[in-house]
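Taking UniProt numbering, I'd label the letters of the sequence shown as residues 1 to 296. Note that beta-carbon positions come from the ideal geometry of N, C-alpha and C, so glycine has one too. A short worksheet on the structure shown next.
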Amino acid sequence: MNEINMLLDQFTSQLLYVNNYSKVTTTSIKGTFIFLMRSTGICMLDELTRDLVEEWLIKGRMTKNWKASTYISHHKHINTFMNWLVNKWKIEDNFMKYINKPKLESTLPRRLNKEDAGKLLFTARRLKCRYKFESIRNHSLIGLMLFTWLRKSEVLWLQVQDVDLSRMVISVIQGKGKKDRIVPISSRLYAILQEYITERRRLDKKSDYFFVWSQFDEQLTARTINRLVFALKQKTGLDFSSHSLRHTFATLMIDGWCDIYTLSKIMWHSKITTTTIYLACSSNLMLKNIEKHPLN
Numbered sequence: 001m002n003e004i005n006m007l008l009d010q011f012t013s014q015l016l017y018v019n020n021y022s023k024v025t026t027t028s029i030k031g032t033f034i035f036l037m038r039s040t041g042i043c044m045l046d047e048l049t050r051d052l053v054e055e056w057l058i059k060g061r062m063t064k065n066w067k068a069s070t071y072i073s074h075h076k077h078i079n080t081f082m083n084w085l086v087n088k089w090k091i092e093d094n095f096m097k098y099i100n101k102p103k104l105e106s107t108l109p110r111r112l113n114k115e116d117a118g119k120l121l122f123t124a125r126r127l128k129c130r131y132k133f134e135s136i137r138n139h140s141l142i143g144l145m146l147f148t149w150l151r152k153s154e155v156l157w158l159q160v161q162d163v164d165l166s167r168m169v170i171s172v173i174q175g176k177g178k179k180d181r182i183v184p185i186s187s188r189l190y191a192i193l194q195e196y197i198t199e200r201r202r203l204d205k206k207s208d209y210f211f212v213w214s215q216f217d218e219q220l221t222a223r224t225i226n227r228l229v230f231a232l233k234q235k236t237g238l239d240f241s242s243h244s245l246r247h248t249f250a251t252l253m254i255d256g257w258c259d260i261y262t263l264s265k266i267m268w269h270s271k272i273t274t275t276t277i278y279l280a281c282s283s284n285l286m287l288k289n290i291e292k293h294p295l296n
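Have a look at this one:
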């Protein structure tokens, strides 16, 4: 019997159905423990000790070159589980409070500049595909991530009724943090989405999900987007991920002189400090403003 797995299932079920956590978060927490148990061979709760966890975390940094953010993420997941165990009277104390965390590296988000973003969008429409629908869908999918700040999971779960071209808005229902959001559609994105919707109707796609397969009328998977990103990276030579397109959106908005307060509201950041990191990403903004120095 794997006691840790059994308790972990109870814990993540509570997070999902009581605490209203997303499935992405609970899967990530489980991933930490699957990794830990495979690496150490433990399965019983009394084997989960401070020395074992601390050694595993340090070894990850030393031998697997974990970033500080990876270490901190695993630390957070284990700490959350341990707090739950204390509340359930399974253990007396949470030893994670005695395990130090490294200082988070100050790194800028990976993003594309305007020229590379344009190249990516151009290539997405012209990438060789078996079906015309697939080409138009890929263009629409990449366009949506470049012209909005939607995460991959939010794009995949988008429904037809959520995209309202007449009002030029997209409704994101129960996105990250279980929050509903309204996303504005720009004129360029409107044209891209309109082409996809027209082709979708022509093929009489009936699925409730906005992005569907070419051959089947079914929801796209994360694996499909990953394959598309890989193909575009090969074709363009650009280094990016689906998540870095979110950072690209924010940086390009700053480059276009969108003020930081408005951008924080557009991106639904609860704290404006989360948005300010993109100021450092915008070399164009810095170059324009440095010319305001009186000695210039």
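Nearest candidate by alpha-carbon position, reference Ile260, set Arg137, Leu279 and Thr198: Leu279
Simplified DSSP assignment, three categories, for Ile91: coil
For Arg181, three-class secondary structure by DSSP: strand
Where Ser135 sits in the DSSP three-state scheme: helix
Option nearest Phe33 by Cα separation, candidates Val172, His75 and His247: His75
Strand pairing of Gln159, partner residues [DSSP]: Tyr209
Beta strand (DSSP E) segment containing Ser171, residue limits: Val169 to Val172
Status (buried if at least 16 other CB within 10 Å, exposed otherwise) for Gly118: exposed
Asn226 - containing alpha helix (DSSP H), residue span: Ala222 to Thr236
Ser214: first and last residue of the uninterrupted alpha helix (DSSP H) it sits in: Run containing Ser214: none; DSSP gives neither H nor E here.
Residues of its chain near Ala231, where Cβ-Cβ distance is below 7 Å and the 5 sequence neighbours each way are ignored: Leu127
Option nearest Ile254 by Cα separation, candidates Asp239, Phe240, Thr275 and Tyr209: Thr275
Exposed unless 16 or more other CB atoms sit within 10 angstroms - verdict on Val24: exposed
When Arg223, Thr262 and Ile58 are compared against Val155, the one with the closest alpha-carbon: Arg223
Outcome for Ser242 when other beta-carbon atoms lying within 10 angstroms are tallied against a minimum of 16: buried
Cβ pair count under 8 Å reaching 3, the stretch 97 to 114 against the stretch 160 to 176: no
Residue range of the alpha helix (DSSP H) that includes Ser18: The sequence shown places Val at residue 18, rather than the Ser named in the question. Counting along the chain, Val18 falls outside any alpha helix (DSSP H), and DSSP gives it neither H nor E.
Helix, strand or coil at Asp239 according to DSSP, with G and I counted as helix: coil
Contacting residues, own chain, Cβ-Cβ under 7 Å from Val53 (five flanking each side not counted): Ile78 and Ile99
CA-to-CA distance, Cys258 to Leu121, given in whole angstroms: 22 Å
Residue ranges of each beta strand (DSSP E) within the stretch 29 to 84, 3 or longer: none
Ile42, buried or exposed, once every other Cβ within 10 Å from all chains shown has been counted against 16: buried
Spatial distance of Leu45 from Asp204 (CA atoms): 54 Å
Where Ile272 falls, given that 16 or more other Cβ within 10 Å makes a residue buried: exposed
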